[in-house]
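Engineer: In my numbering, the protein residues as written are 189 to 251. Positions of the beta carbon are idealized from the N, C-alpha and C atoms, including for glycine. Here the structure is a predicted model, which means the values were calculated and not measured. Questions regarding the structure given below will be posed in turn.
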């Protein structure tokens, strides 16, 4: 994961399948250990995870 990563928007995530969302979420969760608490990149990963969860909820999908 690179430092320049930007948060995925919910609109972008709405175009992904359930399996793609789950895989993206798993990769992001796994990557959290690599970043120190409070760093900008960790906050972006957490924002992405939040947007994935919001997308899953909006679409009525489950992990």
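What number of angstroms, rounded off, separates the C-alpha of residue 233 from the C-alpha of residue 220?
Structural biologist: Your numbering for residue 233 matches position 45 in the chain shown. Your numbering for residue 220 matches position 32 in the chain shown. Approximately 7 Å between the Cα atoms of the pair.
Engineer: Can you tell me which of 245, 242 and 236 puts its alpha carbon nearest to the alpha carbon of residue 212?
Structural biologist: Start at 1 with the first residue of the chain shown, and residue 212 comes out as number 24. The shortest Cα separation from residue 212 among 245, 242 and 236 belongs to 236.
Engineer: Which residue's Cα is closest to the Cα of residue 249: 197, 207 and 195?
Structural biologist: Locating residue 249 in the chain shown gives position 61, counting from the first residue. Nearest option by C-alpha distance: 207.
Engineer: Taking the alpha carbon of residue 217 as the point to measure from, which residue in 244, 240, 246 and 245 has its own alpha carbon closest?
Structural biologist: Your numbering for residue 217 matches position 29 in the chain shown. Comparing Cα positions, the closest option is 240.
Engineer: Out of 193, 223 and 202, state which residue places its alpha-carbon closest to the alpha-carbon of residue 242.
Structural biologist: Residue 242 sits at position 54 when you count from the first residue of the chain shown. Ranking 193, 223 and 202 by Cα distance to residue 242 puts 202 first.
Engineer: Any idea if residue 209 is buried or exposed, counting beta-carbon neighbours within 10 angstroms, 16 or more meaning buried?
Structural biologist: Counting from one through the chain shown, the residue named residue 209 turns up at place 21. When all chains shown are included, residue 209 counts as buried.
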